[in-house]
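Trainee: Dropping the structure in here first, questions after.
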């Protein structure tokens, strides 16, 4: 059983304010969220008969290692996946997301380089990637300013996404690339749609990579931001943290359970 608890958040209100203010300017970043520990009852997962893709790396079989990487939202998902698969003796989850990271600021954290080493160290059959919320920023390339959302920005960002996918496929791992969810800020949500479109396009051109949209899980029937609803346990609880960006424990479990169903159906996990 995976334990999660929320430590005191002395500066949390300040971080929330900063995050939402940044989002309104189109430059939002996912602030790191404290680790959590709560005892819970494992999920009962339903089976599925989806037909897996016939291209890409071999389908996982036997004991399976799932490597999960990303930013602070990825940290949230990592907690959910560890809980969801805690009692499955055939699946090992290696949760190695890092807060404040992304694919734009490689000087701060070079995900392609780190990812390559992680693949060599863990030999996963399935890789789950959940990042992008920190990438709503411009950068300099060869001394030239590249504005967020510009044609050059999209081209460079697409190349970096493609590099991550290529690395995983070369390591003979199947990939689930998780799209960013809707955010409480409409401006920030628009930026997330932009990066999600890149993720989806790149996944379509990489056999063995599946794009998983998290957006519908966190919207109302009319498509608006949904910060709380009845979850997989049938209990009404928050799905998002107070900043309108990160996932609450209920949101972690909702997204993780949906991913587990996809992995079991498409990859025939035990």
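Residue numbers (my numbering): 348 to 617. All C-beta atoms, glycine included, are put in the ideal place defined by N, C-alpha and C.
#1: Is residue 583 helix, strand or coil by DSSP?
#2: On a Cα-Cα basis, can you pick out the residue from 409, 403, 404, 426 that is closest to residue 601?
#3: Does the region 455-467 come close enough to the region 510-530 that 3 or more CB-CB pairs lie under 8 Å?
#4: For residue 422, tell me which candidate among 604, 611, 599 has the shortest Cα-Cα distance.
#5: What are the start and end residues of the alpha helix (DSSP H) that includes residue 476?
#6: Taking 8 Å as the cut-off, does the region 414-421 touch the region 469-476 (at least 3 CB pairs, one atom from each stretch)?
#7: Please state the DSSP three-state secondary structure of residue 442.
#8: Could you tell me the boundaries of the alpha helix (DSSP H) in which residue 508 lies?
#9: State whether the region 481-500 contacts the region 562-581, with contact taken as three or more CB pairs (one from each stretch) at a distance under 8 Å.
#10: Run through DSSP, which three-state label would residue 555 get?
#11: Which term fits residue 448, buried or exposed, when burial requires 16 or more other beta carbons within 10 angstroms of its beta carbon?
#12: If I measure Cβ to Cβ from residue 469 and keep anything under 7 Å in the same chain, skipping five residues before and after, which residues do I get?
#13: Use the C-beta contact count for residue 581: other C-beta atoms within 10 angstroms, 16 or more gives buried, fewer gives exposed.
#14: Per the DSSP calculation, residue 491 is bridged to which residue(s)?
#15: Please report the distance separating the alpha-carbon of residue 500 from that of residue 605.
#16: Apart from the five residues just before and just after residue 444, which ones in its own chain have a Cβ nearer than 6 Å to its Cβ?
Mentor: Reading from the atomic positions:
#1: strand
#2: Cα-wise, what sits closest to residue 601 is 426.
#3: They touch, by the three-pair rule.
#4: 599
#5: Counting along the chain, residue 476 falls outside any alpha helix (DSSP H), though it belongs to the beta strand (DSSP E) covering 473-477.
#6: Touching, yes.
#7: strand
#8: 498-517
#9: Taking 8 Å as the limit for Cβ pairs, the verdict is that the region 562-581 does not touch the region 481-500.
#10: Of the three classes helix, strand and coil, the one that applies to residue 555 here is coil, per DSSP.
#11: buried
#12: 412, 414, 441
#13: Exposed, by the Cβ-count rule.
#14: DSSP output for residue 491 lists 488 as bridge partner(s).
#15: 31 Å
#16: Annotation for residue 444: 416, 417, 421, 422, 425 place their beta carbon closer than 6 Å to its own, counting only its chain and skipping 5 residues before and after.
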